[in-house]
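*Asks:* For the sequence shown, position 130 (counting from the first letter as 1) is numbered 130 according to the UniProt record's numbering, and the numbering increases by one without interruption.
Please read through the structure below; I'll follow up with questions.
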Amino acid sequence: MSGYALNHYNLGDMSLRLECHPISIAKSSLPVPVHLCHCDTSRHVSGILCSSYVPIPDAPFPVTSLTQHHSSPEVTRYFCSTCGCNPCSLRSVGRSRRLTDWRLPQGLWRRRTELCRGLAISGSEIRLMGA
1 MSGYALNHYN LGDMSLRLEC HPISIAKSSL PVPVHLCHCD TSRHVSGILC SSYVPIPDAP
61 FPVTSLTQHH SSPEVTRYFC STCGCNPCSL RSVGRSRRLT DWRLPQGLWR RRTELCRGLA
121 ISGSEIRLMG A
């Protein structure tokens, strides 16, 4: 599974590239919030204790070319039929189960650069974790 790769990051939009599907995130939506999930379904699907997702307003590309899997009554995960990657999921919210919450699994991204690396205070990670 090759996952996502950060194509480029500059003063314009941010572009992500899945093996088969490009995704763009508008500059106006930066910084992008990250949601953490540690429900049973996310843990079983990802194989890790806590998954992180980037919420996006709409489907990142036409999902008709993807294979659907209903991992729970609320969540539909989409898989690329070519490379097998899970590029996005959709959470149905509310009584009407409207398709309102698209998410990109952040853990599949491959980081190419680290911004503001020199601004971290030594030991800040330990203090934030309460250790």
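Even glycine gets a Cβ: it sits at the ideal position worked out from N, Cα and C.
Can residue 78 and residue 63 be called in contact, C-beta distance under 8 Å?
*Replies:* A contact, by the Cβ cut-off of 8 Å.
*Asks:* Any idea what DSSP makes of residue 44, helix, strand or coil?
*Replies:* Correct three-state label for residue 44: helix.
*Asks:* Comparing C-alpha positions only, which one of 35, 56, 39, 45 sits nearest to residue 26?
*Replies:* The shortest Cα separation from residue 26 among 35, 56, 39, 45 belongs to 56.
*Asks:* If you follow the beta strand (DSSP E) that residue 76 is part of, which residue opens it and which one closes it?
*Replies:* Element bounds for residue 76: 75-80.
*Asks:* Assuming residue 34 and residue 71 make a contact with CB atoms under 8 Å, what is their CB distance in whole Å?
*Replies:* About 20 Å separates the two Cβ atoms, so there is no contact after all.
*Asks:* Report buried or exposed for residue 81, applying the criterion of at least 16 other Cβ atoms within 10 angstroms of its Cβ.
*Replies:* So residue 81 counts as exposed.
*Asks:* Report the rounded CA-to-CA distance for residue 37 versus residue 75, giving the unit in angstroms.
*Replies:* Cα to Cα, residue 37 sits roughly 12 Å from residue 75.
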